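Student:
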Amino acid sequence: GQQVMQIPQYQHVQEGEDFTTYCNSSTTLSNIQWYKQRHGGHPVFLIQLVKSGEVKKQKRLTFQFGEAKKNSSLHITATQTTDVGTYFCAGIQGAQKLVFGQGTRLTINP
Amino acid sequence: EAGVTQSPTHLIKPRGQQATLRCSPISGHTSVYWYQQALGLGLQFLLWYDEGEERNRGNFPPRFSGRQFPNYSSELNVNALELEDSALYLCASRLGQGAAYEQYFGPGTRLTVT
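Here it is, written out as structure tokens:
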């Protein structure tokens, strides 16, 4: 079945450093969504990418969708302690099925 | 607008018994998803209900079941509980059938099997 792999599983950075998490699918995705989950909380929707090669920005966060629509990345510039949490990508195959990656847990040293 | 609500917040059950978890979606949302999140792991898709029908299920045994009521609220039942069922169970709702709509998650039910 469809798999969505996310790397790295963990990432620890110094505050102010950049952070990137990568998401790869075994099949072509129609859309990809990104969620953030704070420790002890629930996932919160960040963004959705639809078009091949699409790039979207939210302040210090940059999201990319690969040309082949099989991979995606989330890049955070100059991390802040508020960025701590686990970031999940979720790929959509066809019209209905949403498959989550395993998540990347980001911790930050202030 | 109220978000997705789940009850109970915590549930402790002995092995072999049954657990019932409840979810109320955001008003107007017809799709409800259930996920299992074991400690330190990602979200594993359990079940998807829309308009009162089960539309899809993940790779879980039949003892995981549920239903969706006419008011679109949903119930997840886990029978014959096993220790490895201990996890956070998240419910999410979505407006419309298309998966392109974002999912709104509830706070979850923490199930502990003893």
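So the sequences go chain by chain: A and B. Sequential numbering from 1 applies to the first sequence in my numbering. Sequential numbering from 1001 applies to the second sequence in my numbering. Just so it is clear, CB atoms sit at the ideal spot from N, CA and C, and this is done for glycine as well. Computed from a predicted structure; not experimentally measured.
1. Counting along the chain, where does the beta strand (DSSP E) carrying glutamate 1054 (chain B) start and finish?
2. Can you give me, in chain order, the residues of the segment 1022-1042 of chain B that have a beta carbon less than 9 Å from any beta carbon in chain A?
3. Using a Cβ cut-off of 7 Å, which residues of the segment 1057-1091 of chain B contact any Cβ in chain A, in chain order?
4. Bridge partners of phenylalanine 111 (chain A), per DSSP?
5. Please report the distance separating the alpha-carbon of lysine 51 (chain A) from that of glycine 101 (chain A).
6. DSSP beta-bridge partners for isoleucine 32 (chain A)?
7. Taking only the alpha-carbon atoms, compute the straight-line gap between serine 72 (chain A) and valine 99 (chain A) and give it to the nearest angstrom.
8. Please state the DSSP three-state secondary structure of glutamate 1084 (chain B).
9. Determine which residues share a DSSP beta bridge with lysine 57 (chain A) and list them.
10. Between the segment 76-87 of chain A and the segment 1017-1033 of chain B, can you find at least three pairs of beta-carbon atoms closer than 8 Å?
11. State yes or no: is the C-beta of leucine 1081 (chain B) within less than 8 Å of the C-beta of valine 1113 (chain B)?
12. Starting from aspartate 1050 (chain B) and walking both ways along the beta strand (DSSP E), at which residues does that stretch end?
13. Any chance the segment 10-17 of chain A sits against the segment 44-62 of chain A, with 3 or more Cβ pairs inside 8 Å?
14. For a contact meaning CB atoms closer than 8 Å, what does valine 99 (chain A) contact in chain B?
15. Can you find a C-beta in chain B that's less than 8 Å from the C-beta of lysine 103 (chain A)?
16. At the level of alpha carbons, what is the spacing between phenylalanine 1045 (chain B) and asparagine 31 (chain A)?
17. Please list, in chain order, the chain B residues whose beta carbon lies closer than 9 Å to that of histidine 75 (chain A).
18. Between which two residues does the beta strand (DSSP E) carrying alanine 1019 (chain B) extend?
Tutor: According to the structure data:
1. Position 54 of the second sequence, counted from the first residue, corresponds to residue 1054 (chain B). Where glutamate 1054 (chain B) is concerned, the enclosing beta strand (DSSP E) stretches over 1053-1057.
2. Of all residues in the segment 1022-1042 of chain B, only Tyr1033, Tyr1035, Gln1037, Gly1040, Leu1041 and Gly1042 place a beta-carbon less than 9 Å from a beta-carbon of chain A.
3. Listed by position, the residues of the segment 1057-1091 of chain B near chain A (Cβ gap below 7 Å) are Leu1090.
4. An answer regarding residue 111 (chain A) cannot be provided, because it is not within the stretch 1 to 110 covered by chain A.
5. Here residue 51 (chain A) refers to the residue found at position 51 of the first sequence. Here residue 101 (chain A) refers to the residue found at position 101 of the first sequence. So the two alpha carbons sit approximately 20 Å from each other.
6. Here residue 32 (chain A) is taken as the residue at index 32 of the first sequence, counted from 1. By DSSP's assignment, isoleucine 32 (chain A) forms a beta bridge with A:Leu49 and A:Gly91.
7. Position 72 of the first sequence, counted from the first residue, corresponds to residue 72 (chain A). Position 99 of the first sequence, counted from the first residue, corresponds to residue 99 (chain A). The straight-line gap from Cα to Cα measures roughly 14 Å.
8. Position 84 of the second sequence holds residue 1084 (chain B). Residue state, collapsed to three classes: helix.
9. Here the question's residue 57 (chain A) lines up with position 57 in the first sequence. Partner(s): A:Thr62.
10. Result no; under three Cβ-Cβ pairs closer than 8 Å.
11. Indexing the second sequence from 1 puts residue 1081 (chain B) at position 81. Indexing the second sequence from 1 puts residue 1113 (chain B) at position 113. One thing to note: leucine 1081 (chain B) has its Cβ within 8 Å of the Cβ of valine 1113 (chain B).
12. The residue given as residue 1050 (chain B) occupies position 50 in the second sequence. 1044-1050 is the span of the beta strand (DSSP E), which, as asked, contains aspartate 1050 (chain B).
13. Put simply, the segment 10-17 of chain A does not touch the segment 44-62 of chain A. Fewer than three CB pairs are less than 8 Å apart.
14. Here residue 99 (chain A) refers to the residue found at position 99 of the first sequence. The contacting residues are Phe1045.
15. Taking the first sequence and counting its residues from 1, one reaches residue 103 (chain A) at position 103. Reading off the sequence shown, one finds glycine at residue 103 (chain A), where the question assumed lysine. Closer than 8 Å to the CB of glycine 103 (chain A) there is at least one CB belonging to chain B.
16. Translated into positions along the second sequence, residue 1045 (chain B) becomes position 45. Translated into positions along the first sequence, residue 31 (chain A) becomes position 31. Rounded to the nearest angstrom, the two C-alpha atoms are 17 Å apart.
17. Residue numbering aside, residue 75 (chain A) sits at position 75 when the first sequence is read from its first letter. Correct list: empty, because the minimum Cβ distance to chain B is about 20 Å.
18. The sequence position of residue 1019 (chain B) within the second sequence is 19, counting from 1. Where alanine 1019 (chain B) is concerned, the enclosing beta strand (DSSP E) stretches over 1019-1024.
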